[in-house]
Amino acid sequence: MTLKIITIGSTIDLLSLCGGKAIISQSEFNYQTAMDLRFALENETVADVGYQPPATVQKDETIQSTVARMRREKYGCILILEGEKFCGIFTERDFLNRVLGKENLNDRPISDVMTSKPTIAIEDIYIHEALNLLHKNGIRHLPLIDDQHRPVGTISVKRAVNFLADYHPTTVYNLPPEPETIPAARDGG
Numbered sequence: 106m107t108l109k110i111i112t113i114g115s116t117i118d119l120l121s122l123c124g125g126k127a128i129i130s131q132s133e134f135n136y137q138t139a140m141d142l143r144f145a146l147e148n149e150t151v152a153d154v155g156y157q158p159p160a161t162v163q164k165d166e167t168i169q170s171t172v173a174r175m176r177r178e179k180y181g182c183i184l185i186l187e188g189e190k191f192c193g194i195f196t197e198r199d200f201l202n203r204v205l206g207k208e209n210l211n212d213r214p215i216s217d218v219m220t221s222k223p224t225i226a227i228e229d230i231y232i233h234e235a236l237n238l239l240h241k242n243g244i245r246h247l248p249l250i251d252d253q254h255r256p257v258g259t260i261s262v263k264r265a266v267n268f269l270a271d272y273h274p275t276t277v278y279n280l281p282p283e284p285e286t287i288p289a290a291r292d293g294g
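Its first residue numbered 106, the sequence shown is counted upward by one per residue in our numbering.
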């Protein structure tokens, strides 16, 4: 029993990297599934589980056309290039904080409002390392680059949650937005 409690704690520690809170309740704990998940987190790379191909624009592209493309193609972020090399990222959060409500920005280059030195990772980073970078830096999208500093894709919090859901689907998909909060009324009225 003691060994099981230690294992539960260490698995929950790994999972909490994703959002700061454990997503598996101990009542729903399945020892084998947790060990499989722990093994996957420690031994599989983001390339093994798949990542999104990069949506890219050149750094001199206008803010207006970049935002229009993000909306049209439903991108949460777009990677900014100088030639073939990665030089920044523009996210929905950047739009809200740096563009929305500002005047005369539409024709300016996206490089004026992008995050120019974002957290990045190599494409063969382990899943637990990617989760840690996402959580530690408070970001939703982690650009992945190759050894030539060219973008190969992004790993997002959404993709990470989908990966975790493969191991604990009922727990992850039924998790309320704030697990410790008890609703005052049932949904819908």
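Each residue gets a CB set at the ideal place from its N, CA and C atoms; glycine is no exception.
Beta carbon of residue 194, beta carbon of residue 246: below 8 Å?
On the sequence shown, position 89 is the one that residue 194 refers to. On the sequence shown, position 141 is the one that residue 246 refers to. Yes, these two residues count as a Cβ contact at 8 Å.
Bridge partners of residue 187, per DSSP?
What you label residue 187 is simply residue 82 of the sequence shown in a count that begins at 1. DSSP, once it has assigned bridges, lists 190 as partnering residue 187.
Applying the 10 Å Cβ sphere with the 16-neighbour rule, what's the burial state of residue 219?
On the sequence shown, position 114 is the one that residue 219 refers to. Its Cβ being crowded by 16 or more others within 10 Å, residue 219 is buried.
Kindly confirm or deny that the region 185 to 193 and the region 150 to 158 touch, where touching means at least three C-beta pairs closer than 8 Å.
Taking 8 Å as the limit for Cβ pairs, the verdict is that the region 150 to 158 does not touch the region 185 to 193.
Per DSSP, what are the beta-bridge partners of residue 171 in this structure?
The residue given as residue 171 occupies position 66 in the sequence shown. DSSP output for residue 171 lists no bridge partner at all.
Once you ignore the five residues that flank residue 224 on each side, which residues in its own chain have a CB closer than 7 Å to its CB?
As a position in the sequence shown, residue 224 is number 119, starting the count at 1. Excluding positions up to five away in sequence, the list reads 238, 242, 244 and 247.
Less than 8 Å between the beta carbons of residue 215 and residue 168, yes or no?
Counting from one through the sequence shown, the residue named residue 215 turns up at place 110. Counting from one through the sequence shown, the residue named residue 168 turns up at place 63. Yes; because the gap between Cβ atoms is below 8 Å, this pair is in contact.
Evaluate residue 268 with the Cβ neighbour count: other Cβ atoms within 10 Å of its Cβ, from every protein chain shown; 16 or more gives buried, anything less gives exposed.
Position 163 of the sequence shown, counted from the first residue, corresponds to residue 268. Looking at its Cβ environment, which holds 16 or more other Cβ atoms inside 10 Å, residue 268 is buried.
Smallest Cα separation from residue 151: which of 266, 260 and 181?
The count along the sequence shown starts at 1 and reaches residue 151 at position 46. Answer by Cα proximity: 260.
Let me know the secondary structure DSSP gives residue 247 once reduced to three states.
Taking the first residue of the sequence shown as position 1, residue 247 is located at position 142. Strand at residue 247.
Can residue 161 and residue 184 be called in contact, C-beta distance under 8 Å?
Your numbering for residue 161 matches position 56 in the sequence shown. Your numbering for residue 184 matches position 79 in the sequence shown. Yes, the pair counts as a contact, with Cβ atoms nearer than the cut-off.
Assuming contact is defined by CB atoms lying nearer than 8 Å, are residue 228 and residue 258 in contact in what I supplied?
Along the sequence shown, one-based indexing puts residue 228 at 123. Along the sequence shown, one-based indexing puts residue 258 at 153. The answer is yes: Cβ separation under 8 Å.
Quick check on residue 140: buried or exposed, where buried means 16 or more other Cβ atoms within 10 Å of its Cβ?
Indexing the sequence shown from 1 puts residue 140 at position 35. So residue 140 ends up on the exposed side.
Helix, strand or coil for residue 218 per DSSP?
For the purposes of this step, residue 218 is taken as residue 113 along the sequence shown, with counting starting at 1. In this structure, residue 218 counts as coil in the three-state DSSP scheme.
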